[in-house]
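So the sequence shown is numbered by the numbering used here: it starts at 13 and just counts up by one.
The C-beta atom is built at its ideal place from N, Cα and C for all residues, glycine as well.
Only a predicted model underlies this, so the values are computations on that prediction, with no experimental measurement involved.
These notes concern the structure reproduced below.
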Amino acid sequence: MNVQLQHIVRNMPKAELHMHIEGSLEPELIFALAQRNGVQLPYPSVEALREAYAFQDLQSFLDIYYAGASVLLKEQDFYDMTAAYLDRAKADHVRHTEIFFDPQTHTARGVPMGDVIHGIHRACADSEVSATLILCFLRHLSEEDALATLEAALPYRDRFIGVGLDSSEVGHPPEKFARVFARARELGLHLVAHAGEEGPPAYIASALDVLHVERIDHGVRVLEDAALTRRVAAEKIALTVCPLSNVKLCVFDDMGGHNLLQLMDAGLVVTINSDDPAYFGGYVNANYEAVFASLPLGLQHAYDLAKNSFTASFLPQADKQKFIDELDAYFAAFNVV
Ligand code: ADE
Ligand code: ZN
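Pasting the structure below:
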């Protein structure tokens with residue numbers, strides 16, 4: 013990638029719409045929190061933990077990701093984790109982020125729901141970066157568990173803007189969560205779901221038809237179904253693509269083989285995101301830099317990806333426009349838009 017394009021991509025204002033806050037726990041912070049809380053880790057050192065970050069698929073990652081999250085016990089732990097991520101996001105010129113969190117990972121260990129939500133929310137309130145929260149249900153657990161989780165979160169309804177669906181995809185289709193998404197919809201929450209990461213395009217269709225989601229997280233397998241691709245493009249359903257994650261979890265063999273450009277060429281609203289930045293080799297700018305280094309992308313793509321990140325956000329229209337105006341002013345010198 014040429015030096016000027018790299019500089020532009022790095023410094024342009026952007027939003028991040030797909031990142032799991034538990035996936036921002038760096039090994040150093042995992043060890044510091046383990047020590048603070050007296051939690052025994054199955055790894056002798058920071059280096060040994062980092063060496064375990066070689067994944068064959070989504071499940072091999074999730075096993076380590078849930079083990080890492082076991083050090084989070086106190087409200088302050090959630091604050092510290094979130095503050096560390098927001099500092100990294102600010103350094104990457106992220107203006108707005110919609111943060112996923114997995115309450116079931118914590119409440120199952122006896123952590124009160126209020127401590128999870130308050131710790132994450134307090135760090136968001138203290139940050140210069142605009143940040144909102146999306147509560148994700150773990151799809152390997154039952155729908156009853158998800159319904160109980162939503163009810164337990166209702167006292168904190170004003171602290172999160174939406175719900176999502178994550179964890180092991182294959183064998184846990186969106187239909188399994190029809191009732192809990194219907195309930196979330198009644199409550200006026202925004203709706204998203206992981207679909208078409210490892211799972212088939214049919215999961216993308218049922219996330220739209222059964223869950224009524226407004227964005228698809230990942231969705232890279234949509235291109236296997238031409239009619240569905242045309243539909244997702246026509247309905248302007250955004251895909252929150254996570255390139256480094258896709259390579260680390262072997263969805264694609266290498267970045268040169270990633271279908272990001274084909275997705276854009278098919279007229280889809282594509283965004284770039286970090287997913288689990290501590291585990292997959294970098295924060296959002298590392299994701300932009302990896303795709304720009306490996307695929308034939310230019311200045312117009314950079315602008316489109318950043319603009320999509322704001323357009324596809326759940327910000328009020330006036331806030332979207334404010335950030336898009338900032339983006340346009342940034343790009344005005346470079347003859348795009
Ligand atoms: N939880 C954290 N990261 C995830 C991913 N990439 N897919 C599904 N669930 C996740
Ligand atoms: Zn994800």
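Let me check understanding here. Comparing Cα to Cα, which of the options lies closest to residue i?
i	options	result
residue 242	196, 261 and 274	274
residue 143	326, 18 and 342	326
residue 103	215, 295, 80 and 289	295
residue 118	146, 78 and 154	78
residue 187	207, 71 and 329	207
residue 145	40, 90 and 185	90
residue 152	176, 166, 167 and 181	181
residue 58	71, 44, 342 and 340	44
residue 260	292, 111 and 30	292
residue 233	160, 337 and 244	244
residue 110	247, 67, 30 and 116	30
residue 226	158, 324 and 71	324
residue 42	80, 65, 76 and 60	80
residue 268	67, 301 and 332	301
residue 106	60, 299 and 309	299
Using a threshold of 8 Å, state whether the C-beta atoms of residue i and residue j are closer than that.
i	j	result
residue 220	residue 189	no
residue 179	residue 251	no
residue 82	residue 121	yes
residue 163	residue 130	no
residue 347	residue 22	no
residue 85	residue 123	yes
residue 35	residue 287	yes
residue 7	residue 169	Since the first residue shown for the chain is 13 and the last is 349, residue 7 is missing from the structure and cannot be characterised.
residue 353	residue 32	Here the chain covers residues 13 to 349 and nothing more, so residue 353 does not appear.
residue 321	residue 27	yes
residue 236	residue 69	no
residue 304	residue 18	yes
residue 204	residue 176	yes
residue 166	residue 135	no
residue 307	residue 272	yes
residue 64	residue 76	yes
residue 195	residue 147	no
residue 290	residue 37	yes
Can you grab the Cα-Cα spacing for the pair residue i / residue j, in whole Å?
i	j	result
residue 281	residue 270	16 Å
residue 198	residue 174	12 Å
residue 213	residue 50	44 Å
residue 262	residue 253	14 Å
residue 249	residue 127	33 Å
residue 54	residue 93	20 Å
residue 62	residue 283	28 Å
residue 215	residue 312	31 Å
residue 192	residue 113	17 Å
residue 328	residue 344	24 Å
residue 72	residue 240	29 Å
residue 20	residue 157	45 Å
When DSSP labels each residue in this structure, what does residue i get in the three-state scheme?
i	result
residue 173	coil
residue 204	strand
residue 147	strand
residue 292	helix
residue 21	helix
residue 26	strand
residue 229	strand
residue 251	strand
residue 242	helix
residue 257	helix
residue 110	strand
residue 141	coil
residue 31	strand
residue 331	helix
residue 266	coil
residue 178	strand
residue 237	coil
residue 51	coil
residue 281	coil
residue 99	helix
Label residue i either buried or exposed according to how many other C-beta atoms from any shown protein chain fall within 10 Å of its C-beta, with 16 as the threshold for buried.
i	result
residue 137	exposed
residue 255	buried
residue 140	exposed
residue 25	buried
residue 154	exposed
residue 229	buried
residue 183	exposed
residue 14	exposed
residue 238	exposed
residue 247	exposed
residue 116	buried
residue 39	buried
residue 318	buried
residue 60	exposed
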